[in-house]
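A short worksheet on the structure shown next.
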């Protein structure tokens with residue numbers, strides 16, 4: 085089920101100052117689609133998300149974004165000592181739709197509470213953000229994106245540092261949001277997860293492949309993406325042994 | 084006097100009002116200063132006001148305007164630099180601060196010469212709150228509270244997620260600029276109350292303390308405002324009771340409370356600690372005795388220990404003499420004590436040195452509500468070139484000062500005329516005898532050997548009286564804080580060698596490093612010191628005027644002759 089095109093990149097190159105980090109990007113995200121973004125660390129996933137969020141101008145090619153974008157930063161970079169409740173964080177989403185000096189009215193609070201309910205955290209609205217688990221913090225940031233009325237969500241490695249139960253709950257939430265018509269891009273290292281998404285984008289300094297997982301996630305593409313050899317794990321799916329191993333504990 | 088009794092004093096009332104206004108600003112901004120990592124910026128923006136103060140003093144506009152102008156420039160360039168370079172705000176603040184301070188030093192040393200009003204704002208005092216200060220504090224309190232109300236959500240979102248606060252990268256720069264501007268305004272308003280060095284005591288420490296027990300921004304702001312008000316008011320009253328400078332007192336109070344709360348940590352323990360601290364403070368206040376002495380005649384306030392020495396000699400037991408500046412204290416960094424204002428308020432006569440040496444007596448007299456007789460001793464003196472204020476180094480000027488003091492005391496207390504005349508005549512005879520003895524002592528040294536090099540140009544009157552040639556001073560006249568340039572120092576070395584100067588003289592109240600350096604380069608001796616800016620400590624040879632003059636003359640004669648001499 086796909087709808088209108090939310091984002092479209094053609095021959096896009098992005099980076100910092102004049103240094104290109106990733107190039108040759110030609111892909112799109114449609115409403116209701118889940119896009120898995122694969123690639124090694126330094127391959128360009130976070131740089132791409134920063135460009136889509138508007139923080140980096142394209143160095144070449146075109147990038148068209150038709151709807152409001154909500155970015156979920158890697159949650160371990162959030163400030164955990166901040167004196168904000170889950171509700172406060174969700175309410176920050178209202179800033180995207182109103183001038184900065186407008187205070188949050190009753191309607192905004194109701195919307196924020198609804199968003200927290202949608203991510204399954206209605207009962208933690210008054211909890212301090214820093215005291216929530218990693219998975220719960222990720223879902224609070226999702227609620228903030230919902231309050232923003234973002235139509236396109238960018239999740240930068242949402243599962244790193246998350247236990248299996250939280251990851252499963254978050255994946256189910258992503259599915260529900262996509263079913264509601266949002267476009268969702270998820271940066272991940274997990275090939276099995278990527279196979280569940282509608283499309284995948286493989287990056288390693290340039291675009292290696294883009295398309296439905298069944299067509300794209302072939303052995304040569306994966307090897308080119310990670311620059312390593314596939315290790316067959318007995319009794320399981322394929323695993324990756326990256327040339328440059330980097331653990332996210 | 085009970086603490087409550089001080090509330091009727093006008094200068095205490097103004098200080099309290101000032102502290103309350105600033106507490107409102109501290110409550111509105113303190114939490115944001117902490118959350119947004121602006122503590123160093125807050126400190127720096129007050130300190131960086133220096134070039135603005137120098138400009139204001141040199142060009143003759145209100146110091147606050149100069150300070151705030153520089154503060155706004157500071158905030159603006161900080162934001163530009165930070166955006167362009169993507170640096171942390173701390174390192175950018177340091178770069179801009181160093182630039183501002185260097186600019187201020189160059190302006191102060193090489194463009195303008197005056198410094199009195201510069202010092203007065205950098206070392207502001209809660210005891211000297213003028214109506215303009217109150218107005219600035221009130222405007223600041225209202226302004227920053229309104230800004231904080233409107234911008235709070237944007238400030239919170241930016242601090243929480245600096246890269247992007249949830250608006251697709253199209254974040255407005257206005258809220259951050261408003262935050263820096265509001266902090267700058269509050270820092271400048273605080274300058275007038277507690278001085279640049281102590282801005283943190285009001286704007287940062289209370290918020291850091293309440294953060295330990297409060298977790299929601301709104302409540303945190305309320306608690307911070309309340310705590311800043313209590314600490315400020317308690318500090319002012321305690322300082323008034325114990326005769327301490329209010330700024331440092333508030334700082335120590337706030338810092339101690341922070342440490343206690345950080346240790347206690349839990350709410351119940353913190354409340355108990357606060358209650359105990361308050362009880363100890365109140366008990367301490369109530370326990371102190373007043374040192375009022377019953378005297379028949381008037382109360383006299385002298386700005387310096389030297390003038391107090393003369394006034395006591397003339398008044399004898401009949402009048403109560405209060406010296407504001409302690410012996411050996413640097414007149415440039417003076418902050419008035421509460422008892423100085425209390426004494427001034429009750430005084431019949433205030434006696435000042437004049438010529439810029441003790442200009443701070445003006446605001447002190449004004450805030451104390453003093454309406455007695457003012458005596459500027461320099462008005463009756465033959466003044467040397469450049470308004471040199473060290474006129475007492477010529478004993479004939481001391482005679483003039485004693486006669487002026489005698490006449491002022493007689494006018495204020497005609498019943499004591501016999502006492503004052505008798506005491507003055509006796510003292511004047513001793514001054515004349517000393518003058519003759521010094522002249523005779525120095526006359527035994529050939530005029531060619533009477534060449535004086537010292538570290539501070541304070542001896543022009545002395546040289547004129549006793550035919551001494553001043554060939555150089557390491558520092559110019561006036562401030563003990565100036566720095567000599569390498570070229571000046573080299574020229575002085577050359578002079579000392581050419582004139583075959585045998586001794587260079589240090590000064591009791593100044594660091595001996597420069598004189599030692601000069602001695603190493605030239606082979607002259609540097610172990611003799613002079614009293615240049617006034618009396619030495621009580622009990623030292625320079626503890627009285629007569630002792631100080633004799634000590635200076637002996638040191639000079641010893642240095643000139645190259646052997647031990649005693650004069651006077």
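Residue numbers (the numbering used here), protein chains in the order written: chain E, 85 to 333; chain Z, 84 to 651.
Beta carbons are placed, not taken as given, at the ideal position from N, Cα and C, and that holds for glycine.
Not flagged as an interface residue toward chain Z: residue 250 of chain E, since no C-beta distance is shorter than 8 Å. Looking at the DSSP output, residue 92 of chain E shares a beta bridge with E:112, E:148. The beta carbon of residue 479 of chain Z lies closer than 6 Å to none in the same chain, with the five residues before and after it left out. Sixteen is the threshold: when 16 or more other Cβ atoms of the shown chains lie within 10 Å of the Cβ of residue 135 of chain Z, as they do, the residue is buried. The shortest CA-to-CA distance from residue 261 of chain Z to any of Z:448, Z:325, Z:116, Z:459 is the one to Z:116.
By alpha-carbon distance to residue 146 of chain E, the top candidate from E:235, E:100, E:112, E:194 is E:112.
For residue 169 of chain E, the three-state secondary structure derived from DSSP is strand.
Within 9 Å of the CB of residue 296 of chain E, no CB atom of chain Z is found; the nearest one sits about 28 Å away.
Here residue 586 of chain Z carries a strand assignment [DSSP, helix/strand/coil]. Per DSSP, reduced to three states, the secondary structure at residue 107 of chain E is strand.
Scanning chain Z for C-beta atoms nearer than 8 Å to the C-beta of residue 173 of chain E yields 243, reported in chain order.
Leaving aside the five residues that flank residue 293 of chain Z on each side, the residues in its chain whose CB is nearer than 7 Å to its CB run, in chain order, 303, 306, 307, 310. The region 189 to 270 of chain E is shown to contain whole alpha helix (DSSP H) runs of 4 or more residues at 190 to 202, 218 to 231, 248 to 263, in chain order. At least one C-beta of chain Z is nearer than 8 Å to the C-beta of residue 168 of chain E. Just so you know, the alpha carbons of residue 225 of chain E and residue 125 of chain Z end up roughly 32 Å apart. Non-local beta-carbon contacts of residue 92 of chain E in its own chain, meaning distances under 6 Å to residues more than five positions away in sequence, involve 112, 148 in chain order. For residue 504 of chain Z and residue 333 of chain Z, the gap between their C-alpha atoms comes out near 46 Å.
Across the structure, residue 238 of chain Z and residue 102 of chain E are spaced so that their CA atoms are roughly 32 Å apart. Excluding residues up to 5 positions away in sequence, 227, 231, 265, 266, 269, 286 lie with their Cβ nearer than 7 Å to the Cβ of residue 112 of chain Z in the same chain.
The residues 381, 382, 383, 455, 456, 495, 496, in chain order, have a CB closer than 8 Å to that of residue 431 of chain Z in the same chain once the five nearest residues on each side in sequence are set aside. Within chain Z, not a single residue places a beta-carbon under 8 Å from that of residue 244 of chain E; the smallest gap is close to 18 Å.
For residue 534 of chain Z, the three-state secondary structure derived from DSSP is strand. Take the alpha-carbon of residue 606 of chain Z and the one of residue 284 of chain Z: they are about 49 Å apart.
Going by DSSP, residue 596 of chain Z is part of the alpha helix (DSSP H) stretching over 596 to 605. Straight-line measurement puts the Cα of residue 189 of chain Z at about 18 Å from the Cα of residue 572 of chain Z. Check the Cα spacing between residue 289 of chain Z and each of Z:137, Z:616, Z:338, Z:324: the tightest is with Z:338. Straight-line spacing of the CA atoms in residue 508 of chain Z and residue 472 of chain Z works out to 25 Å. Within its own chain, the residues whose Cβ lies closer than 6 Å to the Cβ of residue 608 of chain Z, once the five positions on either side in sequence are excluded, are 586, listed in chain order. In the DSSP secondary-structure assignment, residue 552 of chain Z is bridged to Z:534.
For residue 204 of chain E, same chain residues with a beta-carbon under 8 Å away, outside a window of 5 residues either side, are 223, 253, 257 in chain order. Bounds of the alpha helix (DSSP H) holding residue 579 of chain Z are 569 to 581. The distance from the Cβ of residue 506 of chain Z to that of residue 399 of chain Z is about 5 Å, consistent with a contact at the 8 Å cut-off.
Exposure of residue 144 of chain Z is indicated by the presence of fewer than 16 other C-beta atoms within 10 angstroms of its C-beta. Under the three-state reduction of DSSP output, residue 528 of chain Z falls in the coil class, being neither helix nor strand. Here the C-alpha atom of residue 598 of chain Z lies approximately 14 Å from the C-alpha atom of residue 554 of chain Z. For the options E:301, E:309, E:169, the alpha carbon positioned closest to that of residue 292 of chain E is the one of E:309.
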